[in-house]
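Residue numbers (this note's numbering): 1 to 152.
C-beta atoms are modelled at their ideal positions from N, C-alpha and C, and glycine is treated no differently.
Predicted, not measured: the structure shown is a model, and the values here were computed from it.
Structure, as structure tokens:
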């Protein structure tokens, strides 16, 4: 299966941390493409550090929930704790989200694919548009380029 993942963070040497995360992700399958690194303001909370994000394609035999488990293990292994505290986002050294998995739709308590907020997050769409602009959002039936144009 082909997945598009979003890596990001705003604490420490984020680019080095993302490179390390990609090495771990590559143990789960093939990583044929990755976007450039983009900077953005924090989304959903205030922080003095800007975020850096990049998109990565992963080809793997893992089913979505199994991939989620592996990505969360990688985050923990790299020092990541919780994504939120009292339901508030916080600064982090690494965050790995599953944005898309081909045309699949997953809607469980633990995982939603496509990512339920990707279409309103420029920091997610910009890196994805670099290589995967023609991928279609399987729920909204619009390409990544179209979703990005709507935001801008």
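query: Would you list, in sequence order, the uninterrupted alpha helix (DSSP H) runs of no fewer than 4 residues that lie entirely inside the segment 46 to 87?; result: 64 to 77
query: Is the separation between the beta-carbon of residue 64 and that of residue 106 shorter than 7 Å?; result: yes
query: When the Cα of residue 66 is compared with those of 78, 28, 50, which residue comes out closest?; result: 28
query: What first and last residue would you give for the beta strand (DSSP E) that runs through residue 2?; result: 2 to 9
query: Let's see if you can read the secondary structure: which residues bound the beta strand (DSSP E) around residue 40?; result: 38 to 40
query: For residue 148, which residues in the same chain have their Cβ closer than 6 Å to its Cβ, ignoring the five residues on either side in sequence?; result: 125, 129
query: Between 56, 150, 91, 68, which has its C-alpha nearest residue 112's C-alpha?; result: 68
query: With H, G and I counted as helix, E and B as strand and the rest as coil, what does DSSP make of residue 27?; result: helix
query: In three-state DSSP terms, what is residue 122?; result: helix
query: Excluding the 5 residues flanking residue 137 on each side, which residues of the same chain have their C-beta closer than 7 Å to its C-beta?; result: 114, 119, 147
query: Do residue 35 and residue 55 have their CB atoms nearer than 7 Å?; result: yes
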